[in-house]
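Participant: Before anything else, here's the structure in question.
Right under this line is the structure:
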């Protein structure tokens with residue numbers, strides 16, 4: 142059995158996993174991966190068992206990020222360590238883990254001609270040839286090649302340093318865009334390599350600039366325009382206004398604390414509570430693992446300030462509205478309470 | 142605000158909760174309850190906050206039993222203790238908890254005339270007036286009154302001692318029927334006071350006897366007949382036979398380990414693995430918190446030996462069959478592998 146055949150779209154460092162288990166003398170490990178890799182985990186577990194002699198348990202819970210690692214379930218199941226696939230480490234996450242956690246990210250395979258064609262289109266489109274390059278961890282090793290290609294086409298490439306939640310230069314997360322912070326972006330074009338519109342929208346909101354997009358698998362290019370960012374902001378301003386009305390109407394408000402290892406912002410939740418106390422609004426504190434509309438609906442909540450995963454309030458808001466729930470981020474609560482001007486809108490990155 | 146109005150169908154010892162928090166000097170507690178009590182938790186949290194000055198966080202995850210307590214989420218959210226509503230303690234459960242856990246069960250309110258009318262029907266129906274009485278924790282304080290009523294109607298009442306998983310005499314759980322074990326049942330009639338057919342079916346399977354049922358809220362009486370028990374057994378034998386065929390056909394088999402505090406049967410899972418090893422069958426070890434069909438389907442499993450909550454394989458089997466998955470208990474695996482005769486069928490109570 143060849144690991145290549147288990148995950149045909151991804152590169153995973155199977156040798157590295159086997160080495161980590163052997164070198165540390167683990168006898169029993171828990172293997173965890175996100176939904177896109179789940180189907181392959183039983184075969185991968187078998188390969189690792191054969192390569193190490195260790196017992197490999199498979200974690201069957203949904204998994205959404207490195208913040209969501211199963212270190213505590215590993216301990217519960219009697220494993221010596223967790224092998225977490227598909228995401229890179231969050232260096233600033235609480236290191237006080239019950240068992241050692243090893244992160245092995247998964248890189249999507251690309252066809253170079255597709256990627257190059259896309260990069261060529263970008264270089265022909267951008268207004269400034271000073272290009273700031275960003276990506277997610279599934280494409281992180283493409284950065285160097287993309288940089289070289291762009292430079293060969295007479296562009297200058299900027300790649301930002303990681304912040305506390307990223308493992309690599311140029312990497313962005315749904316909850317952190319630190320890679321944009323140290324860069325001089327005034328006369329630069331921004332390029333996000335990856336899929337989906339959430340990350341480039343975060344970049345655009347964080348920097349106030351348009352963001353070019355390139356899907357490195359298909360080579361498709363696109364853009365987060367100022368108009369699209371403003372449309373996004375109008376929706377968020379709508380939620381902030383609704384939150385204000387709900388608070389004034391004496392609604393049932395919850396401050397959500399996430400229990401996942403990389404989402405436990407207990408102090409931020411406490412700051413939100415203080416803010417509501419000062420303004421005389423009532424609220425309850427809610428603890429949750431996987432945030433889901435039905436769990437909040439069951440508690441009868443109308444308004445939820447989410448200090449767990451910041452992405453949920455922004456990306457999944459429709460599912461909450463359907464349950465009659467307005468969900469906002471801590472930044473947005475500060476705006477609703479006039480502690481922060483609406484013009485300073487940004488994603489929630491307070492870790 | 143009166144706690145009576147928060148949970149109109151239940152009696153909960155709110156004063157006891159307040160005393161426990163005050164006596165232990167807790168400053169921050171996590172409050173957890175099952176789905177039936179969830180809606181009332183925000184108001185109850187407010188009452189407790191006013192009565193103690195402590196901060197009360199509400200756990201929003203689904204909750205299915207004392208085995209499923211949120212001691213670890215309490216720690217994650219920075220709470221000093223967990224207040225668990227709706228279930229009684231499982232004394233034999235791992236005491237190595239990250240924070241102290243206080244259990245307060247909830248008793249369903251009954252109308253005595255309904256209950257008495259039901260008991261009268263029972264006493265007129267039973268073949269033997271030696272009545273062994275069983276119930277679940279929601280009705281536990283009715284046992285004494287029911288016993289007196291039956292004795293006043295010339296019956297003799299037997300109430301069994303709790304085993305390691307029960308807190309009270311006469312109590313049964315979906316995963317333990319120890320209260321039947323010490324009793325001389327040969328010439329006795331069995332009576333289960335409660336709702337649903339799962340617990341009395343377990344009693345019937347465990348004792349090999351018919352079980353009378355009485356819903357203490359409505360007064361409705363019924364019976365688990367030998368025929369109904371045999372129909373249940375035929376279904377389980379069907380699953381055991383299917384498991385045997387699947388194993389022989391080289392199916393994808395999983396041994397499921399539960400990560401909930403009262404469901405962590407790591408050694409039993411290891412015994413199941415040894416059994417499959419000896420017989421030359423392949424399998425993977427799977428770790429899960431809330432057991433759900435889709436999580437097993439995603440991993441591509443055909444057959445699952447569930448060492449987590451025993452009730453799931455028996456009570457929810459249809460949901461698993463729909464996903465093309467056969468789920469069996471450890472007892473049933475032993476039968477499938479001819480380690481235990483099918484005539485000795487019993488519920489999974491190996492804790």
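Protein chains in written order, with the numbering used here: chain A, 142 to 492; chain B, 142 to 492.
Positions of the beta carbon are idealized from the N, C-alpha and C atoms, including for glycine.
Note that the coordinates shown come from a computational prediction; the quantities given were computed from them, not determined experimentally.
Alpha carbon to alpha carbon, how far is residue 426/B from residue 457/B?
Facilitator: 21 Å
Participant: Counting only Cβ pairs nearer than 9 Å, list the residues of chain A close to residue 241/B.
Facilitator: Per Cβ cutoff of 9 Å: no residues; residue 241/B is ~17 Å from chain A at best.
Participant: Could you please give the first and the last residue of the uninterrupted alpha helix (DSSP H) stretch that includes residue 411/A?
Facilitator: 407-420
Participant: In its own chain, which residues sit with a C-beta less than 6 Å from the C-beta of residue 203/A, not counting the 5 before and 5 after it?
Facilitator: Nothing listed; no residue qualifies.
Participant: Taking C-beta pairs closer than 7 Å, name the residues in chain A that residue 200/B reaches, listed in chain order.
Facilitator: 428
Participant: Rounding to the nearest angstrom, what Cα-Cα distance links residue 218/B and residue 170/B in this structure?
Facilitator: 9 Å
Participant: Per the contact definition of three or more C-beta pairs closer than 8 Å, is the stretch 341-355 of chain A in contact with the stretch 157-168 of chain B?
Facilitator: no
Participant: Do you know offhand how far residue 441/A's Cα is from residue 365/B's?
Facilitator: 38 Å
Participant: In or out: residue 459/A buried (at least 16 other Cβ within 10 Å) or exposed?
Facilitator: exposed
Participant: Counting only C-beta atoms, is residue 469/B closer than 8 Å to chain A at any point?
Facilitator: no
Participant: Who are the near neighbours of residue 159/B in its chain, counting only those whose CB is closer than 7 Å to its CB and skipping five residues on each side?
Facilitator: Around residue 159/B: 189, 192 and 193.
Participant: Compare the Cα-Cα distances from residue 393/B to each of 466/B, 453/B and 371/B and report the closest residue.
Facilitator: 466/B
Participant: How would you call residue 277/A, buried or exposed, if buried means at least 16 neighbouring beta carbons within 10 angstroms?
Facilitator: Under the 10 Å beta carbon count, residue 277/A is surrounded by 16 or more other beta carbons and is classified as buried.
Participant: How is residue 404/A classed by DSSP in three states: helix, strand or coil?
Facilitator: coil
Participant: For a contact meaning CB atoms closer than 9 Å, what does residue 317/A contact in chain B?
Facilitator: What residue 317/A touches in chain B: nothing, since even the nearest Cβ is about 21 Å away.
Participant: With 8 Å as the threshold, decide whether the Cβ of residue 448/A is near any Cβ in chain B.
Facilitator: no
Participant: Can a CB atom of chain A be found closer than 8 Å to the CB of residue 144/B?
Facilitator: no
Participant: Hey, could you find the ends of the beta strand (DSSP E) residue 442/A is sitting in?
Facilitator: For residue 442/A, no beta strand (DSSP E) encloses it, and the DSSP letter there is neither H nor E.
Participant: Which residue marks the beginning of the beta strand (DSSP E) containing residue 169/B, and which one marks its end?
Facilitator: 169-173
Participant: Pairs of beta-carbons, one from the stretch 403-413 of chain B and one from the stretch 195-209 of chain B, closer than 8 Å: are there three or more?
Facilitator: Yes: at least three Cβ pairs fall under 8 Å.
Participant: Go through the stretch 309-373 of chain A residue by residue and report every complete run of the alpha helix (DSSP H) that reaches 4 residues or more, in order.
Facilitator: DSSP runs (the alpha helix (DSSP H)) wholly in the stretch 309-373 of chain A: 339-348.
Participant: Helix, strand or coil: which one does DSSP assign to residue 263/A?
Facilitator: Residue state, collapsed to three classes: helix.
Participant: Cβ atoms of residue 443/B and residue 397/B: under 8 Å apart, would you say?
Facilitator: Taking 8 Å as the Cβ cut-off, residue 397/B and residue 443/B do not qualify as a contacting pair.
Participant: Got a sec: which bits of the stretch 381-399 of chain B sit with their beta carbon under 7 Å from any beta carbon on chain A, in order along the chain?
Facilitator: 393 and 398
Participant: If you follow the alpha helix (DSSP H) that residue 177/A is part of, which residue opens it and which one closes it?
Facilitator: It spans 176-179 - the alpha helix (DSSP H) in which residue 177/A sits, taken as one unbroken run.
Participant: According to the neighbour-count rule (16 or more other Cβ atoms, all chains shown, within 10 Å of its Cβ), is residue 419/B buried or exposed?
Facilitator: exposed
Participant: Can you list, in chain order, the residues of its chain with a C-beta nearer than 7 Å to that of residue 264/A? Leave out the 5 residues immediately preceding and following it.
Facilitator: 291, 294 and 296
Participant: Bridge partners for residue 248/B per DSSP, in chain order?
Facilitator: 152/B
Participant: So that I know if they touch, is there some Cβ in chain A lying closer than 8 Å to that of residue 183/B?
Facilitator: Answer yes: the Cβ-Cβ gap between residue 183/B and chain A drops below 8 Å somewhere.
Participant: Cβ closer than 9 Å: which chain A residues qualify as neighbours of residue 291/B?
Facilitator: Those do not exist, as residue 291/B stays about 39 Å from chain A at its closest Cβ, beyond 9 Å.
Participant: Less than 6 Å between C-beta atoms, sequence neighbours within five positions excluded: which residues of the same chain meet that for residue 238/A?
Facilitator: 212
Participant: Starting from the beta carbon of residue 192/B, find every residue of chain A whose beta carbon is closer than 7 Å, and list them in chain order.
Facilitator: Under the 7 Å cutoff, chain A gives no residues; its nearest Cβ is about 15 Å from residue 192/B.
Participant: For residue 186/B and chain A, any beta-carbon pair shorter than 8 Å?
Facilitator: yes
Participant: Using a Cβ-Cβ cutoff of less than 6 Å, which residues in the same chain neighbour residue 380/A once the five nearest sequence positions on both sides are dropped?
Facilitator: Once the five neighbours on either side are set aside, the close Cβ partners of residue 380/A are 467 and 469.
Participant: Let me confirm a value: residue 473/A is counted as buried when at least 16 other C-beta atoms fall within 10 Å, else exposed. Which label applies?
Facilitator: buried
Participant: Less than 8 Å separating the beta-carbons of residue 233/A and residue 492/A?
Facilitator: Yes; because the gap between Cβ atoms is below 8 Å, this pair is in contact.
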